[in-house]
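Note that the numbering used here gives residue 142 to position 20 of the sequence shown, counting from 1, and the numbers run on in steps of one.
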Amino acid sequence: MSAEQIPTPDAPTEEPRPGRLTAAAALAALEGLVLAVGGVWMLIRGATGGSGDRQQGVTLGVTLIVLALLPLLAARGLLLRRSWSRGPAIITQIMALPVAYSLLQADSVAIPAGIALAVVAITALVLLVNSETTRALGIRGPGAAEETK
123 MSAEQIPTPD APTEEPRPGR LTAAAALAAL EGLVLAVGGV WMLIRGATGG SGDRQQGVTL
183 GVTLIVLALL PLLAARGLLL RRSWSRGPAI ITQIMALPVA YSLLQADSVA IPAGIALAVV
243 AITALVLLVN SETTRALGIR GPGAAEETK
């Protein structure tokens, strides 16, 4: 083992994950889980003929399950402090806002779901663009590369 590979007791430990980053990851995971559960429900409903068009129900179910992968992978990346994960997490929140708006326009029981989705998406966006989160992910702003040289 070389000297660089030998761990020393006084080596700096990795800083603990900020609460904002953990909260953003939890919200992204929640969205992914809701999409996956909705997809499985639509898939079962479509396959059993519970919806009007079997093919449409199955297609929607598979689509929702595939869409659930984006926030779930982003949540995992955020928990592991991968800088690439912030982009998919932000994209997920931006995509959720028009969905929340359309749910709010419905005259049905979908309005509370629209409110919940809007609150989660806006909260997650605020957490993701927070400077503490950005620092924890190792993301430097424009021009920061020149400053470190």
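Beta carbons: idealized from backbone N, C-alpha and C, even for Gly.
query: Short Cβ contact (8 Å threshold) for Leu73 with Leu157; result: Because the chain spans 123 through 271 in this model, residue 73 falls outside it and cannot be assessed.
query: C-beta contact flag for Ala246 and Gln227 at 8 Å; result: no
query: Proximal residues to Val180 (C-beta, below 7 Å), its chain only, five neighbours per side dropped; result: Leu165, Gly168, Ala169
query: Residue burial classification, Glu114 (beta-carbon count within 10 angstroms, cutoff 16); result: Absent from the structure is residue 114, since the part of the chain shown begins at 123 and ends at 271.
query: C-beta atoms of Arg198 and Leu259 nearer than 8 Å; result: no
query: Continuous alpha helix (DSSP H) stretch holding Ile213: start and end; result: 208-227
query: Identity of the residue in Ala147, Leu225, Gly171 nearest Leu276 by Cα; result: Outside the displayed span of the chain (123 to 271) sits residue 276, for which this structure offers no information.
query: Within 8 Å, strictly: CB atoms of Val221 and Leu239; result: yes
query: The alpha helix (DSSP H) enclosing Glu153, as first and last residue numbers; result: 141-169
query: Same chain only: Cβ atoms within 7 Å of Ala243, ignoring 5 sequence neighbours per side; result: Gln215, Ala218, Leu219, Ala222
query: Inter-residue Cα distance where the pair is Ile237 and Asp229; result: 13 Å
query: Test item: CB-CB of Thr255 and Pro140 under 8 Å; result: yes
query: Residue-chain proximity (Thr214, chain B), Cβ-Cβ < 8 Å; result: Chain labels in this structure do not include chain B; a single protein chain is all it has.
query: Helix, strand or coil at Glu137 [DSSP, three-state]; result: coil
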